[in-house]
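Letter by letter, the sequence shown follows residues 1 to 187 of my numbering.
Quick reminder that beta carbons are idealized off the backbone N, C-alpha and C, glycines included.
This one's a predicted model, so the numbers in the text were calculated from it and none came from an experiment.
Read the structure below first, then the notes.
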Amino acid sequence: MQEILRLRFIDRDKAFTQTLTSIKNEMNARGMFHSGATVKRGHDELVKELAESRRTILTTISEDINISRPSKVDKTLPDNAVEWLKNRKLFLESFYLEQMNVIVTSLQNKTMLEPYMNLSAEIELNEHELRRELSLEIQRYINSRGTTLYDRIKNQFLDRPLVVISVITIATVTAILSFLALVRAGS
């Protein structure tokens, strides 16, 4: 799952780089390249990228759960997902600062830009949303397995056809042997 996530983030990084480049080109064409407006627009895209990263993590986990169809969902999954989001945040911040370094160093009023230099204000909300969305996804998966005990047992059998064939074979052999035992006892 982490490998798929890494590959998806590589694609996200390319898109984010293109977005930042287009913002810088647009602001340069307006003659506003070395301004707080460029940093602000870049930060807006950074916030969007963090939210998109959260959705990417959720989608990857959801696909993994639905493909592997475990009988029990790992209890540490929400903690792992939040940890992946925190790591993604650190990467995005460092990448963003690297991209905006030329602009920030040329400005005199750097203290006004301080709120636009990191994701500290957004990470807590994204962590809570990720936990909530993930718990809803896990609940949806558990409910898809069946709401009653009968449905869950039936789905377990359907997920494992070799087990179904074995159980049917054992039940058939047992029924035939029981019938033969009754016929012998009757004669």
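*Thinking C-alpha only, which one of Phe157, Glu49, Asn28, Phe33 is nearest Asn118?*
Glu49
*Are there three or more Cβ pairs, one per stretch, closer than 8 Å when the stretch 33-43 is compared with the stretch 96-104?*
yes
_alpha helix (DSSP H) segment containing Thr76, residue limits_ = Segment: none, Thr76 is in no alpha helix (DSSP H) and carries neither H nor E.
*asked:* Less than 7 Å between the C-beta atoms of Val82 and Ile138, yes or no?
replied: no
*Pick out whichever of Val47, Thr105, Thr174, Met100 has its Cα sitting closest to the Cα of Glu124.*
Val47
_I'd like the list of long-range same chain contacts for Leu92, defined as Cβ closer than 8 Å, with 5 residues on each side in sequence excluded._
Phe16, Leu46, Glu49, Leu50, Ser53, Leu119
_Secondary structure of Asn155, DSSP reduced to three states_ = helix
_Stretch-stretch touch, CB-based, cutoff 8 Å, three pairs: the stretch 60-71 with the stretch 99-106_ = no
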